[in-house]
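Visitor:
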Amino acid sequence: MGPILYRWHFDLPIVLMAIGLLYLYYKLTGFRWPRKSVLFILAMLLFLLVTCSPPHYLGMHYYLSAHMIGHILLLLICGPLMVFSLPEQPQTLRRFSSFLSKRAWLAWMTGVGIMWFWHIPSIFNHMMSDMPGLAVMPLLQAASLLFAGILFGWPLFGPYPEDRVHPLSGIIYLAAACISCSLMGLLITFAPLDTYYPFAGIKRMDNLWGISPKEDLQTAGLIMWVPCCLLYLGGCLLLLRRWLTGDDRRRNKHIIAVSN
Amino acid sequence: MRDIVLVPEPEESLPGMTVSNNQGLLQWISSVDHKQIGILYLWLSVLFLLVGGIEVLLVRIQLFVPNSHFMGPEMYDQLFTMHGTTMIFFVLTPAIFGFATYFVPLMVGANDMAFPRLNAFSFWATFFGGCLLYFSFLAGGAPDAGWFNYAPLNQYNYSSSQGIDYYCTGLLFSGIGTVTASVNFVVTILCYRVKTMRLQQLPLFVWMILINSFLVLAAFPSLNAALAMLLLDRQLHAHFFSAVSGGSAILWQHLFWLFGHPEVYILILPVFGIFSEVFPVFSRKPIFGYGMVVGSGIAIALLAFGVWVHHMFATGLGNTVNSFFAASSLLIGIPTGVKIFNWLATMHGGKIRFSVSMLFAIAFLIEFTIGGLSGISFAIVPIDWQLTDTYYVVAHLHFVFIGGSLFGLFSGLFYWLPKISGRLPDERLSKWFFWLFVIGFNLTFLVQHALGAMGMPRRVYTYPNLPGWTILNQVSTVGGFLMAAAVGLLLYVLVKTALVGKPAPRDPWDANTLEWTTASPPSLKNFDRVIPVRSTRPFRDYKRPGDVDYKEEPDRGHMEDPNEGRPEAPGTPVRAAASPAGEKNRDYSLMIKLVVGTEAMFFVCLIMAYVYFSFVPGYTAQSGSLDIKSTGMFSILLFSSSFTYWLAEKNYGSGNFRALKGWLLATIALGATFLFGQGREYAHLLHDQVNIGSSLFGTGFFTLTGFHGLHVLVGLVIIMIITGLSFRGDYADRRSSVIRTVGVYWHFVDLVWLFVFLVVYVSPHIFK
Chain A
0 MGPILYRWHF DLPIVLMAIG LLYLYYKLTG FRWPRKSVLF ILAMLLFLLV
50 TCSPPHYLGM HYYLSAHMIG HILLLLICGP LMVFSLPEQP QTLRRFSSFL
100 SKRAWLAWMT GVGIMWFWHI PSIFNHMMSD MPGLAVMPLL QAASLLFAGI
150 LFGWPLFGPY PEDRVHPLSG IIYLAAACIS CSLMGLLITF APLDTYYPFA
200 GIKRMDNLWG ISPKEDLQTA GLIMWVPCCL LYLGGCLLLL RRWLTGDDRR
250 RNKHIIAVSN
Chain B
0 MRDIVLVPEP EESLPGMTVS NNQGLLQWIS SVDHKQIGIL YLWLSVLFLL
50 VGGIEVLLVR IQLFVPNSHF MGPEMYDQLF TMHGTTMIFF VLTPAIFGFA
100 TYFVPLMVGA NDMAFPRLNA FSFWATFFGG CLLYFSFLAG GAPDAGWFNY
150 APLNQYNYSS SQGIDYYCTG LLFSGIGTVT ASVNFVVTIL CYRVKTMRLQ
200 QLPLFVWMIL INSFLVLAAF PSLNAALAML LLDRQLHAHF FSAVSGGSAI
250 LWQHLFWLFG HPEVYILILP VFGIFSEVFP VFSRKPIFGY GMVVGSGIAI
300 ALLAFGVWVH HMFATGLGNT VNSFFAASSL LIGIPTGVKI FNWLATMHGG
350 KIRFSVSMLF AIAFLIEFTI GGLSGISFAI VPIDWQLTDT YYVVAHLHFV
400 FIGGSLFGLF SGLFYWLPKI SGRLPDERLS KWFFWLFVIG FNLTFLVQHA
450 LGAMGMPRRV YTYPNLPGWT ILNQVSTVGG FLMAAAVGLL LYVLVKTALV
500 GKPAPRDPWD ANTLEWTTAS PPSLKNFDRV IPVRSTRPFR DYKRPGDVDY
550 KEEPDRGHME DPNEGRPEAP GTPVRAAASP AGEKNRDYSL MIKLVVGTEA
600 MFFVCLIMAY VYFSFVPGYT AQSGSLDIKS TGMFSILLFS SSFTYWLAEK
650 NYGSGNFRAL KGWLLATIAL GATFLFGQGR EYAHLLHDQV NIGSSLFGTG
700 FFTLTGFHGL HVLVGLVIIM IITGLSFRGD YADRRSSVIR TVGVYWHFVD
750 LVWLFVFLVV YVSPHIFK
């Protein structure tokens, strides 16, 4: 365990990206730090954790399951957290938001599609073997998952209440994504060992925790399958709570009253 | 322009006849009234309860003594298989759908379901599915591989009689009834509520039916896929489930349990809804935690798809897989527990009336908890390894099915019987029924926990004389006969009620929801006007205006309150011709999206099976023999047909009918060309001896593309019909939703082909 803990590597492009996003957020809030910015900072910290920390090292060199956890964190936690943290109705994002609100299916396809895209074996393996060179591909993967997460969460939790889908439609939206995620997890769990071959050849000497490649592959698929489901369920329950307590309506009324 | 009235409500009679609710057998058979269809479902359920009960009484007689020769293993296998299949698909399901069909429209203030004729179709499909299943007795033997019918036992070489084919076709047919009924429920609940009822005020029974319907739409396709594959294996010697030719016996288990686990929630969620009505009424208190009941229902529905592997712990999938599903199976107990606490809290501090309905509800709390505990114990994998396929499982499933679902149905029966029949049942006899049944039930199944722990396996036609086994089996058999006596008493009570019961008032229980505002039984047209709905207990608010559930909101006038100033709203009319175009489109639009959604799940199952097989070495090599170029060209034609259809829709919207007809014809031409291309591909493959039975690849390829082609064919037939109708001038009013509805289906079919093409033709080339 010793050496692993020291394997932090802060790639410059990644750090620059995190700083850039933070700056953009700061600008969006009008150069203030409202309470919600805690969520954004949390998202950035998670992002750095996923891309620069020892677990990342684990994920790149040893265990597909560690890599998987990173993916899930980016797509389903960091992205939505960033959406949650956005201030109420920022002007600069108005047009983007109304564009997306008429095309919620686009947001859904982005979130779901990016997941399937990166798991196509030839693409995934290509990305892994690109590693020794530039850090472009992993950066691309991390960034794309982050932005897909933002888009995916936008119709559900975006900063403009009138651009959000009806909470019950949001539940169907998440349920369909959950099914897709579970299917992918299922396929990975039962896939042949050499599907993601960079991980199939973990050398016995380097094998830290005695996890065989087969177990690793199964675990990766299962993490996508079961715990991921719980994340989607959490989102559904959040939507349900918001709908039942009439949060949106009250907020809408307040806005209408204020603008009157 | 013709007025389209789908449910003729008799106001004038034919000469020589009178208009009445009771027009004899023919009226029942041809009825599209949801109340009559509900009653038909309930009688179907009672009929099959008797049949399934007799089957299991014979089984219990056989098990009365060790080494019994009362019947041989072949008969025994058929009896227990039919018992299980009957009880689940033809007793519990129709009873639940019967209550839902009867009461969902009433509870939301509608005059009928969204699609009355589809409603009738759903019932008759279920009925004929049951007839088909039972015909197997006359056709060489009933299915005998257990109600879950595992591979390879279900293959043609191990089960050569036709029983299993009847199992497949019977269940496919009745499954279609179940799915169409669910589509009907969703559209009714979302589009046909009385205008004053917001979704947050929906009665909990209706909520549970809504959630349940989505569960049905998502789960049944998996069963349909499995049954279709099995029929192909048995009849055309495909290779889906035969390991010897590269297929996978465990694929059957995956597909079956992907359906099977949600199925048990399908059977219990509506019952949770019934209890959520019964407890508040008989405790004279509102339900505790309305939001939690709804939320936990949604949680159960979503989690239902993440636990099915717990039926397969003993199949050797490995510790990794097992542990994840052990965890998720433990988790799914939580939302159910939440509901139990909600009901207990509802009772707490209430003024409880021990009607028979409430007795069953209280008994449910105990029995279902016992069943739930034995179920949770199975989530612990080593316990499952010890106890799976023993009588412990039998005890568990009967405690949840009978102690849960059936008690709920009995509770609902005694709650709603006055409304349905217009007569009050004999209270004393009903209580005798309750106690007799509960005692019999517990006698039968409590001891089976011990029997299972002592090692007696299930589905064995007899057992050796081991210590303790005989006496426990005998106790169980005696209990079974007590249950039979109780059911006999129930029948007597029902018949007596129908014939000489005291007339029931409109509202015998002082209840809360809209169905009690109608007469007992309700007139053919449920509502002329509906009382205003401002809370989840609208009738109670109406009866006690000084003690209402809702808070007067001062600025409520600003919200969309279509009834502002009017105290009552009309009951939602049944597809009246004068309804505005927007409303007309909404329900058809929702309906087709639901149908497309469930068909999408079906294709997902087929594609998953295909991809699963592609992991077998050599599978994708064979797909190299496919002609990707010409199929690619035909695919482009198919996608263009989507574009031409879209143009047809646009021209319809702008009133250009010549263009509409032209583009429709173009769509047909393109679609037909695609089918021709498919036919060509098939001919080439068949010429090369590649067919559905020749290899695993042939199996996968022909099934997937074949089902898609079937969908294309159906789509083309429908488009041809509407083209013909448009030539006749049917759509001249530009208000019809038919063109757009069919368009959704057609675009879906083309989208599916995109995925099929990518998976079957393209992916072997890029996954090198």
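The listed protein sequences derive, respectively, from chains A and B.
If you count by numbering that gives the first Met the number 0, then the first sequence holds residues 0 to 259, one letter each, in order.
If you count by numbering that gives the first Met the number 0, then the second sequence holds residues 0 to 767, one letter each, in order.
Glycine residues also receive a C-beta, built at the ideal position from the N, C-alpha and C atoms.
(1) Opposite B/Met-423 in the DSSP bridges: which residues?
(2) Judging by CA-CA distance, which residue of B/Met-311, B/Leu-465, B/Leu-396 and B/Gly-500 is the nearest neighbour of B/Val-263?
(3) Suppose the cutoff is 7 Å on Cβ atoms and the five residues either side in sequence are ignored; what does the same chain contact list for B/Phe-436 look like?
(4) Mind checking who B/Thr-698 pairs with in its DSSP beta bridge?
(5) In chain B, which residues lie less than 7 Å from A/Pro-191 when you measure between Cβ atoms?
(6) Is DSSP giving B/Thr-389 helix, strand or coil here?
(7) Skipping 5 residues on each side, what residues in its chain have a beta carbon closer than 6 Å to that of B/Gln-161?
(8) According to DSSP, which residues form a beta bridge with B/Pro-456?
(9) Quick check: is the beta carbon of A/Gly-110 nearer than 9 Å to any beta carbon in chain B?
(10) Applying the 10 Å Cβ sphere with the 16-neighbour rule, what's the burial state of B/Lys-628?
(11) Closer than 9 Å, CB to CB, is B/Leu-301 near chain A or not?
(12) Specify whether the stretch 168 to 183 of chain B and the stretch 220 to 233 of chain B touch according to this definition: at least 3 beta carbon pairs, one from each stretch, less than 8 Å apart.
(13) Closest to A/His-66 by CA distance: which of A/Phe-98, A/Tyr-25, A/Trp-107 and A/Met-127 is it?
(14) In or out: A/Leu-150 buried (at least 16 other Cβ within 10 Å) or exposed?
(15) Under 9 Å between C-beta atoms, does B/Ala-608 make it to chain A?
(16) Report the rounded CA-to-CA distance for B/Val-459 versus B/Pro-65, giving the unit in angstroms.
(17) What do you reckon, are the CB atoms on A/Cys-177 and A/Leu-239 nearer than 9 Å?
(18) Indicate whether A/Gly-19 and A/Leu-99 have their beta-carbon atoms separated by less than 9 Å.
(19) Kindly indicate which residue of B/Ser-67, B/Ala-180 and B/Gly-288 has the alpha-carbon position closest to the one of B/Thr-535.
(20) Considering only residues of the stretch 25 to 77 of chain A, which uninterrupted alpha helix (DSSP H) runs meet the minimum length of 4 residues and lie entirely inside it, listed in chain order?
(21) If we count Cβ pairs, one from each stretch, closer than 8 Å, do we get three or more for the stretch 381 to 393 of chain B versus the stretch 308 to 324 of chain B?
(22) Strictly below 7 Å CB to CB, what residues from chain A border B/Ser-327?
(23) When the Cα atoms are used, what is the spatial distance from B/Ile-438 to A/Cys-235?
(24) What would DSSP say about B/Ala-731, mapped onto helix, strand or coil?
(25) What number of angstroms, rounded off, separates the C-alpha of B/Ala-449 from the C-alpha of B/Ser-327?
(26) Taking 9 Å as the CB-CB cut-off, is B/Ile-401 touching chain A?
(27) Any idea what DSSP makes of B/Ala-671, helix, strand or coil?
(28) Of the residues that make up the stretch 280 to 306 of chain B, which ones have a beta carbon closer than 9 Å to any beta carbon in chain A?
(29) What's the C-alpha gap between B/Ala-133 and B/Glu-73?
(30) Along the stretch 195 to 214 of chain B, where does the CB come closer than 9 Å to a CB of chain A? Name the residues.
(31) Can you name the residues of chain B whose CB is closer than 9 Å to the CB of A/Ile-178?
(32) Using the Cβ count rule (16 or more neighbours within 10 Å means buried), how would you classify A/Gln-90?
(33) Excluding the five sequence neighbours on either side, which residues of its own chain have a C-beta within less than 7 Å of the C-beta of B/Phe-69, listed in chain order?
(34) With a 10 Å radius around its C-beta and 16 neighbouring C-beta atoms as the bar for buried, classify B/Phe-136 as buried or exposed.
(35) Excluding five sequence neighbours on each side, which residues of the same chain lie with their C-beta closer than 7 Å to the C-beta of A/Phe-123?
(36) Of the residues B/Leu-684, B/Leu-625 and B/Gly-742, which one's Cα is nearest the Cα of B/Val-758?
Guide: Inspection of the coordinates gives the following:
(1) The residue you asked about is not Met; residue 423 of chain B is Leu in the sequence shown. BP columns for B/Leu-423 point to B/Lys-501.
(2) B/Leu-396
(3) Met-482 and Ala-485
(4) None; B/Thr-698 has no bridge partner.
(5) Phe-614
(6) strand
(7) Ala-138 and Gly-139
(8) B/Thr-389
(9) no
(10) Exposed: under 16 other Cβ atoms inside 10 Å.
(11) Interface annotation, B/Leu-301: in contact with chain A, CB-CB separation under 9 Å.
(12) yes
(13) With respect to the C-alpha of A/His-66, the residue from A/Phe-98, A/Tyr-25, A/Trp-107 and A/Met-127 having the closest C-alpha is A/Met-127.
(14) buried
(15) no
(16) 11 Å
(17) No. Outside cutoff.
(18) Contact flag unset, no.
(19) B/Gly-288
(20) For the stretch 25 to 77 of chain A, the continuous alpha helix (DSSP H) assignments of 4+ residues that do not extend past its boundaries occur at 36 to 51, 53 to 60 and 63 to 71, in sequence order.
(21) yes
(22) Val-225
(23) 42 Å
(24) coil
(25) Cα to Cα, B/Ala-449 sits roughly 27 Å from B/Ser-327.
(26) no
(27) helix
(28) Tyr-289, Gly-290, Val-293, Gly-294, Ile-297, Ala-298, Ala-300, Leu-301, Leu-302, Phe-304, Gly-305 and Val-306
(29) Correcting the residue type first, residue 133 of chain B is Tyr in the shown sequence and not Ala. Those two C-alpha atoms are separated by around 16 Å.
(30) Leu-198, Gln-199 and Phe-213
(31) Ala-217, Phe-304, Met-600 and Val-603
(32) exposed
(33) Ile-60 and Gln-61
(34) Result: exposed.
(35) Trp-117 and Tyr-195
(36) B/Leu-625
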